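Engineer:
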Amino acid sequence: MRPVVSATPALLASVAVGRPVRGEFTYLVPEALAGTLAPGQRVLVPFGRGMALGFYLGPANAPVEGGVRLKPIQRVLDDSPSLPKDLIALLRFAAEHYRHPLGEVIRGALPPGLSTAVDEKAAKADVQHFAEALVTEPPPQLARAPAQAAALQYLLAVGGRAQLEEVAHAIPGARETLKKLAARGLVKLVEVVLEPGVREGLIQGRPDRLTQEQDVAVQELRGAIDAGGFQPYLLHGVTGSGKTEVYLRAVEHALAQGKGSLVLVPEIALTPQLVGRFRSRFGGDVAVLHSGLKDRERLFHWQALRKGTVKIAVGVRSAVFAPVENLGLIVVDEEHDPSFKQDEKLRYQARDLAVVRGKQASAVVVLGSATPALESLQNARAGRYKLLELKNRVDDRPMPTISLVDLRVERPREGQVTEEAPILSPQMLQAMEETVAKGQQVILFLNRRGHSTILLCEVCGLSLKCHDCDVCMTHHRSQNRVVCHYCGVAFPVPDRCRECTGPLLKLGIGTERVETEVAERMPHARVARLDRDSATSAERLTELLASFARREIDVLVGTQMVAKGHDFPGVTLVCVVMADTSLAIPDFRASERTFHLLTQVAGRAGRGKDPGRVLVQTYNPDAEPVKRMLAHDFDGFAKQELEWRKALAYPPFTRMAAVRLEGEHPEQTAGVARFLGNLVGRHMPPASAGVRLLGPALAPIARIRGKTRWQLLLKAPTHAALAPLLARLEAALADVPSGVKVVIDVDPGAMM
Numbered sequence: 001m002r003p004v005v006s007a008t009p010a011l012l013a014s015v016a017v018g019r020p021v022r023g024e025f026t027y028l029v030p031e032a033l034a035g036t037l038a039p040g041q042r043v044l045v046p047f048g049r050g051m052a053l054g055f056y057l058g059p060a061n062a063p064v065e066g067g068v069r070l071k072p073i074q075r076v077l078d079d080s081p082s083l084p085k086d087l088i089a090l091l092r093f094a095a096e097h098y099r100h101p102l103g104e105v106i107r108g109a110l111p112p113g114l115s116t117a118v119d120e121k122a123a124k125a126d127v128q129h130f131a132e133a134l135v136t137e138p139p140p141q142l143a144r145a146p147a148q149a150a151a152l153q154y155l156l157a158v159g160g161r162a163q164l165e166e167v168a169h170a171i172p173g174a175r176e177t178l179k180k181l182a183a184r185g186l187v188k189l190v191e192v193v194l195e196p197g198v199r200e201g202l203i204q205g206r207p208d209r210l211t212q213e214q215d216v217a218v219q220e221l222r223g224a225i226d227a228g229g230f231q232p233y234l235l236h237g238v239t240g241s242g243k244t245e246v247y248l249r250a251v252e253h254a255l256a257q258g259k260g261s262l263v264l265v266p267e268i269a270l271t272p273q274l275v276g277r278f279r280s281r282f283g284g285d286v287a288v289l290h291s292g293l294k295d296r297e298r299l300f301h302w303q304a305l306r307k308g309t310v311k312i313a314v315g316v317r318s319a320v321f322a323p324v325e326n327l328g329l330i331v332v333d334e335e336h337d338p339s340f341k342q343d344e345k346l347r348y349q350a351r352d353l354a355v356v357r358g359k360q361a362s363a364v365v366v367l368g369s370a371t372p373a374l375e376s377l378q379n380a381r382a383g384r385y386k387l388l389e390l391k392n393r394v395d396d397r398p399m400p401t402i403s404l405v406d407l408r409v410e411r412p413r414e415g416q417v418t419e420e421a422p423i424l425s426p427q428m429l430q431a432m433e434e435t436v437a438k439g440q441q442v443i444l445f446l447n448r449r450g451h452s453t454i455l456l457c458e459v460c461g462l463s464l465k466c467h468d469c470d471v472c473m474t475h476h477r478s479q480n481r482v483v484c485h486y487c488g489v490a491f492p493v494p495d496r497c498r499e500c501t502g503p504l505l506k507l508g509i510g511t512e513r514v515e516t517e518v519a520e521r522m523p524h525a526r527v528a529r530l531d532r533d534s535a536t537s538a539e540r541l542t543e544l545l546a547s548f549a550r551r552e553i554d555v556l557v558g559t560q561m562v563a564k565g566h567d568f569p570g571v572t573l574v575c576v577v578m579a580d581t582s583l584a585i586p587d588f589r590a591s592e593r594t595f596h597l598l599t600q601v602a603g604r605a606g607r608g609k610d611p612g613r614v615l616v617q618t619y620n621p622d623a624e625p626v627k628r629m630l631a632h633d634f635d636g637f638a639k640q641e642l643e644w645r646k647a648l649a650y651p652p653f654t655r656m657a658a659v660r661l662e663g664e665h666p667e668q669t670a671g672v673a674r675f676l677g678n679l680v681g682r683h684m685p686p687a688s689a690g691v692r693l694l695g696p697a698l699a700p701i702a703r704i705r706g707k708t709r710w711q712l713l714l715k716a717p718t719h720a721a722l723a724p725l726l727a728r729l730e731a732a733l734a735d736v737p738s739g740v741k742v743v744i745d746v747d748p749g750a751m752m
């Protein structure tokens, strides 16, 4: 019988283990570590039959049950805590609210290099290695060392100094050869630290003066930062009204007060330009955090923030967990954007967590948008957020004029045959020609990738669908392949229909087809495409945006990536190729997202000295989002949409949780869905509590990656009313067969 190890409460540690297991675990603190541990430090702990990464959270308060043999912490992996105390509080909240294991939440918040059970190492800054010749010609002793002579001659031929990479590319084995030359004193090897810079075209200076509306907003934010308490603001400013300058002035003030700032943007697509603006203003005192960076770069920026050597963080949604020291200001730019909601693992909404973090840190929070989310707008109207408005564009620039192209009229008809409307209507093509002829730029927006979105058999009428998903394949002509945008499977374009061997028609349009059409119709124009297929890396994305800013591109064709708050003064024409793509999605937010997207992309026009113009092609000119967008009527759209949401008990007037199931066996998955539905039904509170269960039912896309999908939706007036039901569901997951995966998505961003 093993002896029972007794310990005083002071020698017991509460540890979250970086594994998909719920709860905190109690470990014994070895005497050698007594008094040295600090909350937030990474530790190595025994777990199961092996070792695991753990996170020390503090002394364990609960007494240990008799007969339990505690295991000791093996060792500490950090000299100082990886996570400051304020972040631990935020991560605890996220784990509880979004129903995810705390250890996994903490591990997911850390950068590469800290998210595994290895000792922390200081990340190095970006460096370049150079070789410099210390002589003007090869000495005679190199006659018997031809490789060294060749490397030295190359250096002398290019001016005596070159990057190591360049020499190694020109002469195989040059790295070792140059080391030998350095040992002989003929060459010097130099390491140069690269200072973070701004790509040409993305640099922006500080304007001499603010508009009156900007000045009012800046003064309000400065006062709130000086006061030092939690205060959330909604900054509602039309496109081009100078919201970014308001952010910059607020960050300037926070920095002057010795406080740190955190700025969140929805996607990597927006990061290069915003980072350019911040680095133009604050130099190297800006850390960048997003998945497009190399692992070493992300760790370097994280460590600089944690040490306090850098006080400004700019990043995408995961940057809400950045360890900014003495946090005084949080900005969420384009706060309406659905990209702030993560749809895997920890399914958090970064905008909401930013507000929670601001409250915990007693910081000022600014949510900015030209088209605020209805949740944020309702919070402002209810007095929970203060409202700041920028109703006019900078320098009194007019809002762009918007014209409608009715595709029902444009669609040609010959006899009984109905054809698709042209991709570019005559009005749109003429406007593009005129704009490019003036030396101005055009953005063409279509929120669909690929060349053709449907391959349809003209004999039997069946469309080409993915084997494993309940969706149509998309034709990518540049690859000569069809691709499923849900599971990623791809194969060559088939010659014939799978069912009847009939010929396949390529219908529907994507950005690739639009790009091709523009290039054919306007051969003199310089055309580029911005979507997830073309922007394959952060470097490629940055260069594409910088090239457009330098006016080296006349027409930019893109998906929603072109609508993400970019500021290009040369753009005077924005064309929405198809305004209807998101209207038919089975989601209660479809109208809101359509309005947001159309308004945002239209706002890219006319941000310079020349007035802007927008052309919108649609089959649904009477659709509410389209009509309101044409009139620049956000208030009218929001009023009607909020009335509809209230009548049907949808957010922002209720809180929601989705229970999503997927499994390889349809009958088994359906059975588990019914089991969970019955469980919830048996424990529903009285009808007066306002809690409702919708489903279980098949998901709108019933199959992805070969797995059948079901879902249940829970609605309640408050999150507290949902919590008991979610706790019961969570407890019941232990009885669910392993062949069915169940996730609980609190505050779901989409119904698909």
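First residue of the sequence shown: 1, per the UniProt record's numbering; consecutive thereafter. Here a beta-carbon is modelled for each residue, glycine too, at the ideal position from N, C-alpha and C. As the structure is a computational prediction, the values presented were derived from the model and not from experiment.
What are the partner residues of residue 14, as DSSP defines its beta bridges?
Structural biologist: 26 and 58
Engineer: Residue 604 to residue 37, Cα distance in whole Å?
Structural biologist: Cα to Cα, residue 604 sits roughly 52 Å from residue 37.
Engineer: Determine the direct distance from the alpha carbon of residue 410 to that of residue 512, and round the result to whole angstroms.
Structural biologist: 22 Å
Engineer: Give the list of continuous beta strand (DSSP E) stretches no shorter than 3 residues that lie fully inside the region 305–341.
Structural biologist: You should have 312–315 and 327–333.
Engineer: What did DSSP end up calling residue 276 once you bin it into helix, strand or coil?
Structural biologist: helix
Engineer: Indicate whether residue 617 and residue 405 have their beta-carbon atoms separated by less than 8 Å.
Structural biologist: yes
Engineer: For residue 158, which residues of its own chain have a beta-carbon under 6 Å away from its beta-carbon, when the five flanking residues on both sides are left out?
Structural biologist: none
Engineer: What are the boundary residues of the alpha helix (DSSP H) that includes residue 86?
Structural biologist: 85–97
Engineer: Would you say residue 633 lies against chain B (beta-carbon separation less than 8 Å)?
Structural biologist: Although the question refers to chain B, the structure presented lacks it and comprises just one protein chain.
Engineer: Compare the C-alpha of residue 683 against each of 710, 714, 699 and 612 and name the closest.
Structural biologist: 714
Engineer: Between the alpha carbons of residue 211 and residue 394, how many angstroms are there, rounded?
Structural biologist: 7 Å
Engineer: Check residue 106 in the structure and name its three-state DSSP category.
Structural biologist: helix
Engineer: I need the DSSP call for residue 745, collapsed to helix, strand or coil.
Structural biologist: strand
Engineer: So which of 548, 88, 653 and 79 has the shortest CA-CA distance to residue 15?
Structural biologist: 88
Engineer: Can you find the residues in the same chain that come closer than 6 Å, C-beta to C-beta, to residue 509, ignoring five residues on each side of it along the sequence?
Structural biologist: Counting only Cβ-Cβ distances below 6 Å, and skipping sequence neighbours, we find 423.
Engineer: Relative to the C-alpha of residue 277, which candidate in 168, 730 and 206 has its C-alpha closest?
Structural biologist: 206
Engineer: Keeping to the same chain, check which residues put their C-beta closer than 7 Å to that of residue 594; ignore five residues upstream and five downstream.
Structural biologist: 582, 583 and 625
Engineer: What does the Cβ neighbour count give for residue 224, buried or exposed, with the cut at 16 atoms within 10 Å?
Structural biologist: buried
Engineer: In whole angstroms, give me the CA-to-CA distance for residue 266 and residue 274.
Structural biologist: 11 Å
Engineer: Drop a sphere of 10 angstroms on the beta-carbon of residue 460, count the other beta-carbons inside from all chains shown, and report buried for 16 or more, exposed for fewer.
Structural biologist: A residue is called buried once 16 or more other Cβ atoms fall within 10 Å of its Cβ, and residue 460, having fewer, is exposed.
Engineer: Count the other CB atoms, across all protein chains shown, that sit within 10 Å of the CB of residue 501; report buried if there are 16 or more and exposed otherwise.
Structural biologist: It counts as exposed.
Engineer: Specify the secondary structure class of residue 268 as computed by DSSP and reduced to three states.
Structural biologist: helix
Engineer: Just the C-alpha distance for residue 48 and residue 337, rounded to the nearest angstrom, thanks.
Structural biologist: 42 Å
Engineer: Could you give the uninterrupted runs of the alpha helix (DSSP H) lying entirely in the region 574–605, keeping only those of 4 residues or more?
Structural biologist: 590–602
Engineer: In the DSSP assignment, what residue or residues form a beta bridge with residue 484?
Structural biologist: Residue 484 is not bridged to any residue.
Engineer: Curious, which full-length beta strand (DSSP E) runs of at least 3 residues does the region 523–548 contain?
Structural biologist: 527–530
Engineer: By how many angstroms is the C-alpha of residue 240 removed from the C-alpha of residue 721?
Structural biologist: The straight-line gap from Cα to Cα measures roughly 41 Å.
Engineer: Can you check whether the CB of residue 363 is closer than 8 Å to the CB of residue 330?
Structural biologist: yes
Engineer: Are three or more beta carbon pairs between the region 727–747 and the region 93–110 nearer than 8 Å?
Structural biologist: yes
Engineer: Would you check if the distance between the CB atom of residue 72 and the CB atom of residue 39 is smaller than 8 Å?
Structural biologist: In this structure, residue 39 does not lie closer than 8 Å to residue 72 by Cβ.
Engineer: Mapping DSSP to helix, strand and coil, what is residue 667?
Structural biologist: helix
Engineer: Can you tell which of 687, 703, 645 and 647 has the C-alpha that lies nearest to the C-alpha of residue 665?
Structural biologist: 703
Engineer: Near residue 692, what residues of its chain come up, given a Cβ to Cβ distance below 6 Å and the 5 sequence neighbours on each side ignored?
Structural biologist: 715
Engineer: For the alpha helix (DSSP H) that contains residue 253, what are its first and last residues?
Structural biologist: 243–256
Engineer: Here's the rule: buried if 16 or more other CB atoms are within 10 angstroms of the residue's CB, otherwise exposed. What is residue 128?
Structural biologist: exposed
Engineer: Classify residue 415: buried if its beta carbon has 16 or more other beta carbons within 10 angstroms, exposed otherwise.
Structural biologist: Any reading at residue 415 must be qualified, since the residue scores a pLDDT of 45, below 50, and its modelled position is unreliable; the value itself is stated next. Per the 10 Å Cβ criterion, exposed.
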